[in-house]
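Heads up: the sequence shown is residues 2 to 511, going by our numbering.
Quick reminder that beta carbons are idealized off the backbone N, C-alpha and C, glycines included.
This one's a predicted model, so the numbers in the text were calculated from it and none came from an experiment.
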Amino acid sequence: MKFLIIDDSPYDRALVIRRLQKDFTDATYVEAARRDDLNNVLQQSGFDIALIDYRLQWTNGITLLKTLKERFPDLPVVMVTDTGSEEIAAEGMKSGLSDYVLKRDMHRLTLAVTESIEKAHLRAEREILESQVRQAQKMESLGQLVSGIAHDFNNMLGGILGYTDQCLIKIQHDKSHPLYHDLSHARDITLRAAKTTRQLLAFSRRQVLESTDININDVVADLLSLIGKLLADFVEIDFTPEPTLHTVHADATQLGQVLMNLCLNARDAMPGGGKLYIVTRNISLSEPLHRKHTSIPAGEYALLQVQDTGTGMDTATLDKIFDPFFTTKELGRGTGLGLSVVHGIVGQHEGFIDVESTLDVGTTFSIYLPIVNRIATKQETKQTQSIEHGHETVLLVEDDPDLRYLMGEVLTDYGYTIISASDGVEGLRLFHQHDTQIALIISDMMTPQMSGRELREHVLQSNPDTRFLFMSGYSADQFRADFVPGKDMHFLQKPFDLDELAKHVRELIE
2 MKFLIIDDSP
12 YDRALVIRRL
22 QKDFTDATYV
32 EAARRDDLNN
42 VLQQSGFDIA
52 LIDYRLQWTN
62 GITLLKTLKE
72 RFPDLPVVMV
82 TDTGSEEIAA
92 EGMKSGLSDY
102 VLKRDMHRLT
112 LAVTESIEKA
122 HLRAEREILE
132 SQVRQAQKME
142 SLGQLVSGIA
152 HDFNNMLGGI
162 LGYTDQCLIK
172 IQHDKSHPLY
182 HDLSHARDIT
192 LRAAKTTRQL
202 LAFSRRQVLE
212 STDININDVV
222 ADLLSLIGKL
232 LADFVEIDFT
242 PEPTLHTVHA
252 DATQLGQVLM
262 NLCLNARDAM
272 PGGGKLYIVT
282 RNISLSEPLH
292 RKHTSIPAGE
302 YALLQVQDTG
312 TGMDTATLDK
322 IFDPFFTTKE
332 LGRGTGLGLS
342 VVHGIVGQHE
352 GFIDVESTLD
362 VGTTFSIYLP
372 IVNRIATKQE
382 TKQTQSIEHG
392 HETVLLVEDD
402 PDLRYLMGEV
412 LTDYGYTIIS
422 ASDGVEGLRL
432 FHQHDTQIAL
442 IISDMMTPQM
452 SGRELREHVL
462 QSNPDTRFLF
472 MSGYSADQFR
482 ADFVPGKDMH
492 FLQKPFDLDE
502 LAKHVRELIE
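Structure below.
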């Protein structure tokens, strides 16, 4: 513990120190008697508490208190004086004084010091937690906003992608056709736009996760070659894996996205070259870990750490680092979604992310993912299959007229009979009219008048064996409370390839 003692009386300073040494045997004491001493003290740091007199030859205690608070806002300050006055005590408390001890009551000093330090620690923890709550509320509001935007864009992009594919089919994908290259470029641009909306859904934690038991070391190892190609030649990569790293239940593709985003961010922070450290470790927290951007509960975690030796960030930048569309890069060099996507993916995995940065030294991102007591397995690559045609009747419920028409045309080309409805109420009416003929219902999750969930409930009351394929510009996670994923919830994320739609229809009917 480090004490700062400010008193112009050598006798009183010695008295205070002797008293404190009885209870704080390993403490260090920095003394200041004159104004010059104070100026020197203000250049130092690391004090745990300051003890000051009120009546000094060169200033008074209130002025001194304000000077200390300007330099050390969080430093607890106790006034130790022989000038007993309620007015002085009241004015001191208004200016941030922690306690007030008369020199004739020195037996109170230890208690005053202990309580003042404890209150300062509690106040600091409360401020951190309040800041985290405000940040969480802000991110949740932003998440709801961008999720709604992504939903609307996905509906529109689905129509654009579908019509483009239909045009390509009509010209039989003939590369010599004068429209082929224009249509192909339009399709590529649409897919890039869809990728951006998926990033928005990742930030808002409304994307679909395909989680398995994995080892983060495998994720890093699989991407090291690609990361090396993306980083400049003058950026050196150092990967230090934990040999006995615990298993986590996570989406390997999404964790790969997290790692790539962090590495690309590190690359941009080292324009003159540097070193990129990737580290994995097992972390056991016996008590919660309170950090600036998050509080991590006690528990067992697998840690993924990405550290660079780049330019670092100031406090103002750190406060906004996970905000969507916030970027320090020049115009055209980034969307500002990279780190917000990282934040969203980590949160969706019930993990935590912390960041530390020092200007001209570098930045470290630490990701804590809860472990599972199982052995990691690698996923097998699925074999592609040709899409079979059908002859069954399908009820299509979609409020977007362009998508409804387009999907109907494509499924008709695959041999199906399509009955179309623009909302859930009309869909239910048509179902009752054609109950015995309908092999599958395809429905948007959020149709007017009656949602997809409500439509399903009404239909299953009449025919419990009816099969459903749902779709939405939102992701499946938005609706997981309504269904059992994988068992009775079959879902397509808009925008989707129309051949993919036909494949899902065939699989569900069979």
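- Query: What does a CB cutoff of less than 7 angstroms around Asp436 pick up in its chain, not counting 5 residues either side in sequence?
  - Reply: Taking the first residue of the sequence shown as 1, we reach residue 436 at position 435. Cβ neighbours of Asp436 beyond the five flanking positions: Ser463, Asn464.
- Per DSSP, which residues does Ser117 bridge with? Please list them. For the purposes of this step, residue 117 is taken as the residue at position 116 of the sequence shown. Answer is none; Ser117 lacks a bridge partner.
- Query: Taking the alpha carbon of Asp320 as the point to measure from, which residue in Gln306, Leu340, Ala303 has its own alpha carbon closest?
  - Reply: Counting from one through the sequence shown, the residue named residue 320 turns up at place 319. Taking only the C-alpha atoms, the option nearest Asp320 is Leu340.
- Return helix, strand or coil for Asn283, following the three-state DSSP convention. By 1-based counting over the sequence shown, the position of residue 283 is 282. Looking at Asn283 - three-state DSSP - the assignment turns out to be strand.
- Glu399 and Asp355 look like a contact to me (Cβ under 8 angstroms); what is the Cβ gap, rounded to whole Å? For the purposes of this step, residue 399 is taken as the residue at position 398 of the sequence shown. For the purposes of this step, residue 355 is taken as the residue at position 354 of the sequence shown. Not a contact, Cβ separation roughly 43 angstroms.
- Message: Which residue marks the beginning of the beta strand (DSSP E) containing Tyr406, and which one marks its end?
- Response: Indexing the sequence shown from 1 puts residue 406 at position 405. Note, Tyr406: premise wrong, no beta strand (DSSP E); alpha helix (DSSP H) at 402 to 414.
- Apart from the five residues just before and just after Ile161, which ones in its own chain have a Cβ nearer than 7 angstroms to its Cβ? Counting from one through the sequence shown, the residue named residue 161 turns up at place 160. Contacts found: Thr191.
- How about Asp100 and Ala91: do their beta carbons lie closer than 7 angstroms? The residue given as residue 100 occupies position 99 in the sequence shown. The residue given as residue 91 occupies position 90 in the sequence shown. No. Outside cutoff.
- Query: CB-CB under 6 angstroms to Asn155, same chain, minus the five flanking residues each way: which ones, in chain order?
  - Reply: Working through the sequence shown from its first residue, we reach residue 155 at position 154. The residues are Thr198, Gly474, Lys495, Pro496.
- Any chance you could list the beta strand (DSSP E) runs of at least 3 consecutive residues sitting entirely within the segment 227 to 294, in chain order? 236 to 241, 248 to 251, 275 to 286
- Around the C-beta of Val362, are 16 or more other C-beta atoms found within 10 angstroms, so that it is buried, or is it exposed? Here residue 362 refers to the residue found at position 361 when the sequence shown is read from its first residue. Val362 comes out exposed.
- In whole angstroms, what separates the C-alpha of Glu126 from that of Thr29? On the sequence shown, position 125 is the one that residue 126 refers to. On the sequence shown, position 28 is the one that residue 29 refers to. Near 25 angstroms, if we compare the C-alpha coordinates of Thr29 and Glu126.
- Message: Measuring alpha carbon to alpha carbon, tell me which residue in Gln349, Gln308, Ser285 is nearest Ser358.
- Response: Here residue 358 refers to the residue found at position 357 when the sequence shown is read from its first residue. Ranking Gln349, Gln308, Ser285 by Cα distance to Ser358 puts Gln308 first.
- Alpha carbon to alpha carbon, how far is Leu470 from Val506? Residue mapping note: residue 470 aligns to position 469 of the sequence shown, counting from 1. Residue mapping note: residue 506 aligns to position 505 of the sequence shown, counting from 1. Using only the alpha carbons, I get a separation of about 8 angstroms.
- Query: So, Ala303 versus Ile215, is the Cβ gap smaller than 7 angstroms?
  - Reply: The count along the sequence shown starts at 1 and reaches residue 303 at position 302. The count along the sequence shown starts at 1 and reaches residue 215 at position 214. Not a contact, by the Cβ cut-off of 7 angstroms.
- Query: Are the Cβ atoms of Val373 and Leu441 separated by less than 7 angstroms?
  - Reply: The residue you call residue 373 lines up with position 372 of the sequence shown. The residue you call residue 441 lines up with position 440 of the sequence shown. In this structure, Leu441 does not lie closer than 7 angstroms to Val373 by Cβ.
- Look at Ser423 and Leu397 and say whether their C-beta atoms are less than 7 angstroms apart. Position 422 of the sequence shown holds residue 423. Position 396 of the sequence shown holds residue 397. Taking 7 angstroms as the Cβ cut-off, Ser423 and Leu397 do not qualify as a contacting pair.
- Could you tell me the distance, in whole angstroms, from the CA atom of Asp183 to the CA atom of Tyr417? As a first step, residue 183 must be located in the sequence shown, where it is residue number 182. As a first step, residue 417 must be located in the sequence shown, where it is residue number 416. Distance between the alpha carbons of Asp183 and Tyr417 is about 31 angstroms.
- Grab the span of the beta strand (DSSP E) containing Ala422 for me, first residue to last. Working through the sequence shown from its first residue, we reach residue 422 at position 421. Element bounds for Ala422: 418 to 422.
- Message: Just to confirm the assignment, what range does the alpha helix (DSSP H) spanning Ser463 have?
- Response: Taking the first residue of the sequence shown as 1, we reach residue 463 at position 462. Run containing Ser463: 453 to 463, per the alpha helix (DSSP H) assignment.
- Given a threshold of 16 other Cβ atoms within 10 Å of its Cβ, counted over all protein chains shown, does His186 qualify as buried or as exposed? As a first step, residue 186 must be located in the sequence shown, where it is residue number 185. That one is exposed.
- Message: Applying the 10 Å Cβ sphere with the 16-neighbour rule, what's the burial state of Ala317?
- Response: By 1-based counting over the sequence shown, the position of residue 317 is 316. So Ala317 counts as exposed.
- Alpha carbon to alpha carbon, how far is Pro179 from Gly163? Translated into the one-based positions of the sequence shown, residue 179 becomes position 178. Translated into the one-based positions of the sequence shown, residue 163 becomes position 162. Roughly 20 angstroms between the two C-alpha positions.
- Message: Just verifying my parser: in three-state terms, what is the DSSP assignment at Pro11?
- Response: Sequence index remark: in the sequence shown, residue 11 carries index 10 (1-based). In the structure shown, Pro11 sits in a helix (DSSP, three-state: H, G or I).
- Message: Considering Cα atoms alone, identify which of Gln22, Phe25, Leu123, Tyr12 is closest to Ala33.
- Response: Residue 33 sits at position 32 when you count from the first residue of the sequence shown. Closest option to Ala33, Cα to Cα, is Tyr12.
- Residues that DSSP places opposite Leu103 in a beta bridge: In the sequence shown, counting from the first residue as 1, residue 103 sits at position 102. Note: Leu103 sits in a beta bridge opposite Thr82.
- Message: Less than 7 angstroms between the C-beta atoms of Leu263 and Phe366, yes or no?
- Response: The count along the sequence shown starts at 1 and reaches residue 263 at position 262. The count along the sequence shown starts at 1 and reaches residue 366 at position 365. Yes.
- Item | Endpoints, alpha helix (DSSP H) assigned at Phe432 | Within the sequence shown, numbered from 1, the residue matching residue 432 stands at position 431. Looking at the DSSP string, the run of the alpha helix (DSSP H) that includes Phe432 is 425 to 434.
- So, Ile50 versus Pro77, is the Cβ gap smaller than 7 angstroms? Mapped onto the sequence shown, residue 50 falls at position 49. Mapped onto the sequence shown, residue 77 falls at position 76. A contact, by the Cβ cut-off of 7 angstroms.
- Reduced DSSP secondary structure (H/G/I, E/B, other) of Glu301: Along the sequence shown, read from residue 1 onward, the residue named residue 301 stands at position 300. Correct three-state label for Glu301: strand.
- From the beta carbon of Lys95, is the nearest beta carbon of chain C less than 7 angstroms away? Absence of chain C from the displayed structure is noted, only one protein chain being present.
- Item | Nearest neighbour of Ser287, chosen from Thr281, Ala299, Tyr278 [CA to CA] | Residue numbering aside, residue 287 sits at position 286 when the sequence shown is read from its first letter. Ranking the options by Cα distance to Ser287, first place goes to Ala299.
- Hey, how far is the Cα of Leu65 from the Cα of Phe353? By 1-based counting over the sequence shown, the position of residue 65 is 64. By 1-based counting over the sequence shown, the position of residue 353 is 352. Going by the C-alpha atoms only, they are around 42 angstroms apart.
- Given a threshold of 16 other Cβ atoms within 10 Å of its Cβ, counted over all protein chains shown, does Ile6 qualify as buried or as exposed? Counting from 1 along the sequence shown, the entry for residue 6 is found at position 5. Classification of Ile6: buried, given that the 10 Å Cβ count is 16 or more.
- Message: Here's a check: name, in chain order, each residue in its chain whose Cβ is nearer than 6 angstroms to the Cβ of Leu305, leaving out the five neighbours to either side.
- Response: On the sequence shown, position 304 is the one that residue 305 refers to. If we look at Leu305 and ignore the five residues flanking it on each side, its Cβ neighbours are Ile217, Thr281, Ile368.
- Message: Excluding the 5 residues flanking Val220 on each side, which residues of the same chain have their C-beta closer than 6 angstroms to its C-beta?
- Response: By 1-based counting over the sequence shown, the position of residue 220 is 219. Here the set comprises Ala253, Leu256, Gly257.
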